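This report concerns only the one structure given below.
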Amino acid sequence: MEIIKTDIAIVGAGGAGLRAAIALAEADPKLRIALISKVYPMRSHTCAAEGGAAGVIKSDDSMALHFGDTVGGGDWLSDQDAVEYFIHEAPKELTQLEHWGCPWSREPDGSVAVRPFGGMKIKRTWFAADKSGFHILHTLFQTSLKYPSIQRFDEYYATDLLVEDGHCQGLTALEIRSGQMKQFQARAVIIAGGGGGRMFPFTTNGAVKTGDGMALAYRAGVPLKDMEFVQYHPTGLPNNGILLTEGCRGEGGVLFNKDGRRYLQDYGMGPETPIGQPVLKTMELGPRDRVSQAFWHEQKKGNTVSTPWGDCVLLDMRHLGEKKIDERLPLVRDLCISYLGKDPVKEPIPIRPVVHYMMGGIHTNIKAATPLPGLFAAGECACVSINGANRLGSNSLTELLVFGKRAALSAIEHVQSGLSASKDAALTGQAQASETRIGTLMKKSAGTETIAGLRKEMMETMETNVGIYRTGSELATACDKISELRQRYAHIALHDKTHVYNTDLMQALELGSMLDCAEAVTVGARDRKESRGAHQRLDFTERDDVNLLKHTLAYYHPTEPPRLDYLDVVITQSQPGVRDYSGAKK
Ligand SMILES: Cc1cc2nc3c(=O)[nH]c(=O)nc-3n(C[C@H](O)[C@H](O)[C@H](O)COP(=O)(O)OP(=O)(O)OC[C@H]3O[C@@H](n4cnc5c(N)ncnc54)[C@H](O)[C@@H]3O)c2cc1C
9 MEIIKTDIAI
19 VGAGGAGLRA
29 AIALAEADPK
39 LRIALISKVY
49 PMRSHTCAAE
59 GGAAGVIKSD
69 DSMALHFGDT
79 VGGGDWLSDQ
89 DAVEYFIHEA
99 PKELTQLEHW
109 GCPWSREPDG
119 SVAVRPFGGM
129 KIKRTWFAAD
139 KSGFHILHTL
149 FQTSLKYPSI
159 QRFDEYYATD
169 LLVEDGHCQG
179 LTALEIRSGQ
189 MKQFQARAVI
199 IAGGGGGRMF
209 PFTTNGAVKT
219 GDGMALAYRA
229 GVPLKDMEFV
239 QYHPTGLPNN
249 GILLTEGCRG
259 EGGVLFNKDG
269 RRYLQDYGMG
279 PETPIGQPVL
289 KTMELGPRDR
299 VSQAFWHEQK
309 KGNTVSTPWG
319 DCVLLDMRHL
329 GEKKIDERLP
339 LVRDLCISYL
349 GKDPVKEPIP
359 IRPVVHYMMG
369 GIHTNIKAAT
379 PLPGLFAAGE
389 CACVSINGAN
399 RLGSNSLTEL
409 LVFGKRAALS
419 AIEHVQSGLS
429 ASKDAALTGQ
439 AQASETRIGT
449 LMKKSAGTET
459 IAGLRKEMME
469 TMETNVGIYR
479 TGSELATACD
489 KISELRQRYA
499 HIALHDKTHV
509 YNTDLMQALE
519 LGSMLDCAEA
529 VTVGARDRKE
539 SRGAHQRLDF
549 TERDDVNLLK
559 HTLAYYHPTE
569 PPRLDYLDVV
579 ITQSQPGVRD
589 YSGAKK
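Take 9 as the starting number for the sequence shown in the numbering used here and just add one per residue.
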């Protein structure tokens, strides 16, 4: 097996991975950086982000307000030291992107424009029309091309970490084009592998989001944190889950039920606000968890609209007018017309909540370091945790930048600490074990299970039992089922035996990642007997700060469900309080 020696290996070339690579290259041009990605960088999910990135920039805003919105929005499960670091770094990172050429939308006076976003008291979301992620990723990608020390390994699928002498020293990856395994020896590894929303059938997430990065760390003994917190975005197209950004409501779009009522006023997000003049942090600008939960109640009450794609509510943007929609939401208009045959300039758009984002992920500290020395993580795959029990829209893109850079700086510190590398033979032994694992999977043609069959059962289990509202018995069913699917996974059949672009093999590996992550989600959710943020239990309806103001840590076991442990939340300035989106003056 070919050995590629590098200083720092990064798994993932989305927003977090590219930001980390640039920070490494800037800090020390002599560092050898391997940037490994299963797809070309521009196909990473960051490219699909629409609405924008949050950071304090205007004079009516403040760090204290961004802090308060984020911690309250996260239902006090966020680590407040991490949030403090995040909000202070955020404007610097967004300005840095501007200097690298990101075409942020402008106010008429030429200053950077900001738009309102859900759960935020003040307009603070920087945006580039409704293609913010596309422009951010392009900016990062182009900037990365300046640095010869960043060596890209596009279409390489990372399969296992190499851990020797108690620290992470590289990884194995499959070169998808040739089917050959490669061994990357590195003095530090940064995982920036993105989320895993594809374990659910109805999601905004691109097909690449299969939780591989999380599974890599998890299987190497690093705990996954707070995996039970899965975000539903309230406004997805009902036929395919494509996202209509929160920017639609930020710009003034409103939500109606079948009777034409702006129903959010009935769920603690009232009073009704004037149409066309969005009022911050209330009604349509409530946080995602609450707005998605309101849909669930409307559906139970029979207040939703029946459509060929299931029950929906209506997102009305007509009053914004064609000019504004074309200027601020051109992609949204295009998506509605292309995928649903409806023009938001002319008619309301049926929408329903859709799985969007994972608050949980690889357990890291505020320096983006995991408990495994030499291993760092950033972006959606990591849980640092700034998002707590519910992420506020537009905090994620900024998080990629802030903690992508932080992971790079920490990795450099680690490399400079001078830990000696293990002998080639020890690492090669491990790499060969990884090669054998993939080889065994490839030989499985007599298996009784199909990849598609298991994946379908997994998705149905997650959708039916681990949705917006959950119960103990449904979660117990989900745990049993996912555990059973993990066992049946040992019997899958792979029919494609070729080595070149073997998508059968890729899908088998991705399914393995999703099943491991799904089990951490279900077991964590079953044992969290409270309702907090995106985790709502019909059998435990209250938040329990006495017993559960804690992070869940799930530890991997190859054949058994994960062992759970708990970790105190870091509180620096804000004690848990009431999340108030009623618009009442205090
Ligand atoms: C439709 C949509 C719109 C969004 N809009 C916004 C928004 O407006 N504002 C906001 O703040 N957030 C938004 N989000 C969330 C945000 O975009 C994501 O959380 C973020 O982009 C994730 O970035 P990342 O760098 O962590 O991962 P990604 O961009 O998903 O990149 C993951 C990388 O990991 C690589 N990878 C994964 N597994 C492997 C493996 N096994 N081997 C090698 N490489 C691997 C992939 O190739 C990829 O390069 C949106 C999300 C979606 C889905």
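For every residue, glycine included, the Cβ atom is placed at its ideal position computed from N, Cα and C.
The structure displayed is predicted, hence computed values, not measured ones.
Would you call the CB atoms of residue i and residue j closer than 9 angstroms?
i	j	result
Thr78	Gly396	yes
Leu599	Ala56	Limits of the chain in this structure are 9 at one end and 594 at the other, which puts residue 599 out of reach.
Gly255	Met522	no
His422	Pro231	no
Tyr563	Gly229	yes
Val171	Leu380	yes
Lys139	Glu259	no
Gln88	Thr567	no
Met514	Phe208	no
Ala24	Leu400	no
Val216	Arg51	yes
Pro352	Arg326	yes
Gly412	Ala98	no
Ala528	Met466	no
Asp83	Arg551	yes
Ala196	Ala419	yes
Gly455	Ala416	no
Pro282	Leu322	no
Lys190	His559	no
Gln193	Ile11	yes
Leu561	Leu575	yes
Leu85	Val577	yes
Arg545	Tyr477	yes
Gly284	Gly591	no
Ser186	His507	yes
Lys131	Lys66	yes
Val641	Tyr48	What is shown of the chain runs 9 to 594, which leaves residue 641 out entirely.
Pro569	Ser442	no
Gly532	Met128	no
Ser152	Leu39	no
Val340	Leu252	yes
In terms of DSSP beta bridges, what is residue i paired with?
i	result
Ser45	Asp162
Trp134	Ala61, Val122
Phe264	Leu322
Thr448	DSSP output for Thr448 lists no bridge partner at all.
Val586	Answer is none; Val586 lacks a bridge partner.
His74	DSSP, once it has assigned bridges, lists no residue as partnering His74.
Val171	Cys176
Lys558	Asp576
Met189	Leu182
Arg114	Val120
Ala571	Position check: residue 571 holds Arg in this sequence, whereas Ala was assumed. According to DSSP, which records beta bridges pairwise, Arg571 is partnered with Tyr563.
Ala377	Phe384
Glu457	Ile500
Gln544	Tyr477
Lys13	Gln193
Leu232	Ile370, Ala562
Cys525	Paired residue(s): none; Cys525 is not in a bridge.
Gln391	The sequence given here places Cys at residue 391; Gln does not occur at that position. Note: Cys391 sits in a beta bridge opposite His371.
Report, in whole angstroms, the separation of the C-beta atoms of residue i and residue j, which I expect to be a contact under 8 angstroms.
i	j	result
Ile95	Phe75	5 angstroms
Ile30	Leu148	7 angstroms
Asn403	Ala542	Not a contact, Cβ separation roughly 14 angstroms.
Asp137	Ser113	The amino acid at residue 137 is misidentified as Asp; the sequence shows Ala. Between Ser113 and Ala137 the Cβ distance is about 6 angstroms, and since that is below 8 angstroms, they are a contact.
Tyr509	Ile184	6 angstroms
Arg547	Thr479	Rather than Arg, the amino acid found at residue 547 in this sequence is Asp. 5 angstroms between Cβ atoms; contact.
For a test of your reading of the model: does the CB of residue i fall under 8 angstroms from any non-hydrogen atom of ligand 2? Yes or no.
i	result
Arg587	Looking at this structure, you won't find ligand 2 anywhere; what it does contain is ligand 1.
Three CB pairs or more closer than 8 angstroms across the stretch 206-225 and the stretch 381-395
Taking one beta carbon from each stretch, the stretch 206-225 and the stretch 381-395 have 3 or more pairs nearer than 8 angstroms; the two touch.
Check whether the stretch 151-171 touches the stretch 14-29, counting contact only when three or more Cβ pairs, one atom from each stretch, lie closer than 8 angstroms.
Judged by pairs of C-beta atoms under 8 angstroms, the stretch 151-171 touches the stretch 14-29, as three or more such pairs exist.
Please specify which runs of the beta strand (DSSP E), each continuous and at least 3 residues long, are wholly inside the stretch 286-372, giving them in chain order.
The qualifying runs are 313-315, 318-324, 357-366, 369-371.
Mind the definition here: the stretch 359-378 touches the stretch 240-260 only if three or more C-beta pairs lie below 8 angstroms; say whether that holds.
Two segments are said to touch when three or more pairs of C-beta atoms, one from each, lie closer than 8 angstroms; by this definition the stretch 359-378 touches the stretch 240-260.
Entirely enclosed alpha helix (DSSP H) segments - the stretch 474-504, minimum 4 residues
Correct list: 480-497.
Contact between the stretch 289-297 and the stretch 109-126: three or more CB pairs below 8 angstroms?
As far as the Cβ criterion goes, the stretch 289-297 touches the stretch 109-126, which means the pair count is three or higher.
Evaluate contact between the stretch 379-387 and the stretch 343-355, counting only Cβ atoms and requiring at least three cross-stretch pairs below 8 angstroms.
These segments do not touch.
At least 3 beta-carbon pairs within less than 8 angstroms: the stretch 480-487 vs the stretch 432-451:
Flag = no, the stretch 480-487 and the stretch 432-451 do not touch.
Evaluate contact between the stretch 323-341 and the stretch 293-306, counting only Cβ atoms and requiring at least three cross-stretch pairs below 8 angstroms.
The stretch 323-341 is not in contact with the stretch 293-306.
Enumerate, from N- to C-terminal direction, the unbroken beta strand (DSSP E) stretches of 3 or more residues contained entirely within the stretch 238-284.
The beta strand (DSSP E) runs lying completely inside the stretch 238-284 and spanning 3 residues or more are 238-244, 262-264, given in chain order.
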